[in-house]
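Undergrad: Our numbering puts the first sequence at residues 1 to 352. In this text, a Cβ means the ideal position worked out from N, Cα and C, and glycines have one as well. Quick one: this structure, given as structure tokens, is what I'll be asking you about.
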Amino acid sequence: MPKNNPVFANQLIEWYLDNKRAMPWRETKNPYFIWLSEIILQQTRVAQGLPYYLAFTEAYPTVQQLAAAPQEDILKLWQGLGYYSRARNLHAAAQMVVTDYNSIFPNNYRELLKLKGVGDYTASAIASICFDEPAAVVDGNVYRVLSRIFGIDTPINSSQGIKEFKKLASGLMDRDRPADFNQAIMEFGAIQCTPKNPYCLHCVFNDRCVALQKSRIHELPVKINKTKVKKRYLNYIFIKTASGDTVLQQRTGKGIWQGLYEFPFIEAKGPLGEDRFRESVKSQNLLPNVIEMDITRYNDTPIVHKLSHQHLYTTFWIVDVAEIDRETIPVHSIRNYPVPVLIANFIEKNID
DNA sequence: AAACCGGGGAG
DNA sequence: CTCCCAGGTTT
């Protein structure tokens, strides 16, 4: 195990300078913008996160403006990106920077780590890219690159693996060029040492890559634990009143989509027929004081919405009523609320 | 240590 | 279909 291997860092950075992709956050060292990009890119591909980065930097050019924004505006801008705790933590962290740090971003790993939503990876990324602190990043790319080149079998999601890879990356770090080193190893994993079909033929490390020499590229990195997927059956109720209003409610408490809005719904253990749906609407008092309702099943076969650990089998029901004893909003104002993609897709097809 | 938290794209 | 993406927080 190389304790200090400048050859590796030099070759890696040389490769990076020749091959790096152009990205807007590579044109700045402003920690606010770097932080935004890092939060957005957590567990998110560059192609998916890029439009959100542009939208956020446009809407909130400074951390003060982000901190001062209503949380719902931030969730609305985040809509479709997933992992919505990131958006809530983003808001909280911005307020921390304004309140606790006089609107000046913390300039080192240890302080950055205190911000909500900033863990070891993100603190290392910001500290290295903005402040040249030699803190090694270990993201999915780094696990893959290091496990292959050095032939490491330790599961990357075991507590031992997390420590082992962090130590290895730290030892390889080019302490004179932390920003380039960290971005180089991630870029290398993203476009050269890819999960499937990596380009080993013209890889600068193919003369010493342990996994390549042992034909174990496809076995590394080792990852344990597969999350089990739960099935849920949701019946969303799109209420339409005679005056053109509907009902939307916010998700609170734990679970998915915290803070986002959705139609009232009935969750069941399996698909519901119209009779059982009508019974449940009544027994759960979802439409108080409604005497007569016209029910139309919108989709015959459930719409399957897949989350990382839940599959949602969804039926939308259109319910026409004269009026309703609940807080209502004009149907057309739905588009102002942050909603899950599942709801957004329905709205897009059925409003306007 | 394990569970939880989205959505999308590649192969 | 499976895998995984510039991970972090909670239990």
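May I ask you to report which of helix, strand or coil DSSP gives residue 257?
TA: Looking up residue 257 in the first sequence gives position 257. Three-state DSSP puts residue 257 in coil, outside helix and strand.
Undergrad: Assign residue 194 to one of two classes, buried (16 or more other C-beta atoms within 10 Å of its C-beta) or exposed (fewer than that).
TA: Within the first sequence, numbered from 1, the residue matching residue 194 stands at position 194. An exposed status is given to residue 194, since fewer than 16 other beta-carbon atoms sit within 10 Å of its beta-carbon.
Undergrad: From residue 236 to residue 263, what distance separates their C-alpha atoms?
TA: To locate residue 236, count along the first sequence from 1; it is residue 236. To locate residue 263, count along the first sequence from 1; it is residue 263. Straight-line measurement puts the Cα of residue 263 at about 6 Å from the Cα of residue 236.
Undergrad: Along the chain, where does the beta strand (DSSP E) that runs through residue 268 open and close?
TA: By 1-based counting over the first sequence, the position of residue 268 is 268. DSSP places residue 268 in the uninterrupted beta strand (DSSP E) bounded by 265-268.
Undergrad: Note down the Cα distance separating residue 130 from residue 302, rounded to an integer number of angstroms.
TA: In the first sequence, residue 130 corresponds to position 130, counting from 1. In the first sequence, residue 302 corresponds to position 302, counting from 1. Cα-Cα distance, rounded: 48 Å.
Undergrad: Within its chain, find whatever has a CB closer than 6 Å to the CB of residue 153; leave out the 5 residues flanking it on each side and keep chain order.
TA: Residue numbering aside, residue 153 sits at position 153 when the first sequence is read from its first letter. Within the same chain, residue 153 has close Cβ partners 222.
Undergrad: Relative to the C-alpha of residue 66, which residue among 103, 149, 21 and 169 is closest?
TA: Reading the first sequence from its first residue, position 66 is the one you call residue 66. The option with the nearest alpha carbon to residue 66 is 103.
Undergrad: Assuming residue 298 and residue 316 form a contact by the criterion Cβ under 8 Å, report the distance between their Cβ atoms to the nearest whole angstrom.
TA: By 1-based counting over the first sequence, the position of residue 298 is 298. By 1-based counting over the first sequence, the position of residue 316 is 316. Indeed, because the Cβ distance is near 4 Å, the residues count as touching under 8 Å.
Undergrad: Please list, in chain order, all residues of the same chain as residue 166 whose beta carbon is under 7 Å from its beta carbon, the five residues on each side excluded.
TA: Within the first sequence, residue 166 is the residue found at index 166, counting from 1. The residues are 136 and 138.
Undergrad: List, from N- to C-terminal side, the beta strand (DSSP E) runs of 3 residues or more that fit wholly inside the segment 299-344.
TA: 303-306 and 310-321
Undergrad: To which residues does DSSP link residue 294 through a beta bridge?
TA: Counting from one through the first sequence, the residue named residue 294 turns up at place 294. The partner list for residue 294 (beta bridge, DSSP) reads 320.
Undergrad: Does the contact criterion of 3 or more C-beta pairs under 8 Å hold for the segment 64-78 versus the segment 115-124?
TA: Taking 8 Å as the limit for Cβ pairs, the verdict is that the segment 115-124 does not touch the segment 64-78.
Undergrad: Counting pairs of Cβ atoms below 8 Å between the segment 272-290 and the segment 249-263, do you hit three or more?
TA: no
Undergrad: How big is the Cα-Cα spacing for residue 45 and residue 94?
TA: Numbered from its first residue, the first sequence carries residue 45 at position 45. Numbered from its first residue, the first sequence carries residue 94 at position 94. For residue 45 and residue 94, the distance between alpha carbons rounds to 23 Å.
Undergrad: Less than 8 Å between C-beta atoms, sequence neighbours within five positions excluded: which residues of the same chain meet that for residue 265?
TA: In the first sequence, residue 265 corresponds to position 265, counting from 1. Within the same chain, residue 265 has close Cβ partners 234, 235, 236 and 237.
Undergrad: Given that a residue counts as buried once 16 or more other Cβ atoms are within 10 Å of its Cβ, and exposed if not, what is residue 10?
TA: Your numbering for residue 10 matches position 10 in the first sequence. So residue 10 ends up on the exposed side.
Undergrad: Can the beta-carbon of residue 151 be found less than 8 Å from the beta-carbon of residue 226?
TA: Translated into positions along the first sequence, residue 151 becomes position 151. Translated into positions along the first sequence, residue 226 becomes position 226. No, the pair does not count as a contact, with Cβ atoms beyond the cut-off.
Undergrad: What are the uninterrupted segments assigned as alpha helix (DSSP H) that are 4 or more residues long and contained completely in the segment 69-96, given in chain order?
TA: 71-78
Undergrad: From the DSSP output, in three-state form, read off residue 104 for me.
TA: If you number the first sequence from 1, residue 104 lands on position 104. Of the three classes helix, strand and coil, the one that applies to residue 104 here is coil, per DSSP.
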